[in-house]
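*Asks:*
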Amino acid sequence: MTVLSTRIPDGLAAQVEALSRPAGGRSAWLAQLVLSAVAREGGGCGAAAGEARRLAGGRSARLMVRLCEADAAAARAAALAMGLSRSAWAAGLVAAHLRGRPCFGRDEARALLAIQGELRRIGVNVNQIARALNVAVLEGRVLELELSAVADLRAELRAQMGGLRAAVAGNLAAWETLW
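According to full-length UniProt numbering, the stretch in the sequence shown is residues 1 to 179, in order.
#1: Can you grab the Cα-Cα spacing for the pair Arg76 / Ser85, in whole Å?
#2: Got a sec, what are the start and stop residues for the alpha helix (DSSP H) Ala14 sits in?
#3: When the distance is taken between beta carbons, is Asp107 closer than 7 Å to Gly92?
#4: Does the beta-carbon distance from Glu146 to Leu157 come in below 7 Å?
#5: When DSSP labels each residue in this structure, what does Ala61 get in the three-state scheme?
#6: Where does Ala136 sit, in a helix, a strand or coil, going by DSSP?
#7: Report, in whole angstroms, the separation of the C-beta atoms of Gln160 and Ile122, which I expect to be a contact under 8 Å.
#8: Suppose the cutoff is 8 Å on Cβ atoms and the five residues either side in sequence are ignored; what does the same chain contact list for Gly100 look like?
Written out as structure tokens, the structure is:
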């Protein structure tokens with residue numbers, strides 16, 4: 001896990017200390033600030049965000065489970081395949097089963113972030129085309145070509161959204177096979 005640090009004046013440090021006490025201390029409070037900033041910018045999904053939320057919240061329940069050697073080995077392999085620790089994998093299994101909430105491994109989270117970036121780029125392109133069509137004076141065949149381009153972008157956007165939905169549905173389906 002990466003450690004971020006900064007220097008601040010003593011007076012400000014005292015204020016941070018006072019503000020952070022109810023949140024579980026400076027580390028938890030600062031982690032919550034970082035997580036909030038990342039969430040506002042559209043990131044923060046996946047195992048890393050879950051870990052940051054755990055640190056930021058400062059409060060999580062510990063659950064100890066004893067497994068036979070074969071089950072422990074299977075859980076280790078499943079966690080490794082997803083790029084998660086055994087604990088994160090078990091927490092994901094519980095969250096998926098009890099709340100229907102997906103839990104993504106590092107690679108899956110990166111793929112979803114890539115899809116999100118593509119959707120943003122497509123949205124920017126659609127907005128630019130719509131703006132251009134509103135301003136331009138087009139006649140006949142030229143307008144048909146422009147409208148065709150907008151339709152192509154709309155289809156691409158739908159395909160990307162379908163990919164995102166499929167990723168979430170596939171993740172939940174994979175967790176369902178585990179219980």
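Built from N, CA and C at the ideal position, the CB exists for glycine as well.
*Replies:* On the basis of the supplied data:
#1: Distance between the alpha carbons of Arg76 and Ser85: 8 Å.
#2: It spans 10-20 - the alpha helix (DSSP H) in which Ala14 sits, taken as one unbroken run.
#3: Between Gly92 and Asp107, the C-beta gap is not smaller than 7 Å, which leaves the two residues out of contact.
#4: Cβ atoms of Glu146 and Leu157: not closer than 7 Å.
#5: In the structure shown, Ala61 sits in coil (DSSP, three-state: anything other than H, G, I, E or B).
#6: Ala136 falls in the coil class under three-state DSSP.
#7: About 7 Å; that satisfies the 8 Å criterion.
#8: The beta carbon of Gly100 is closer than 8 Å to those of Leu172 in its chain, skipping five residues each way along the sequence.
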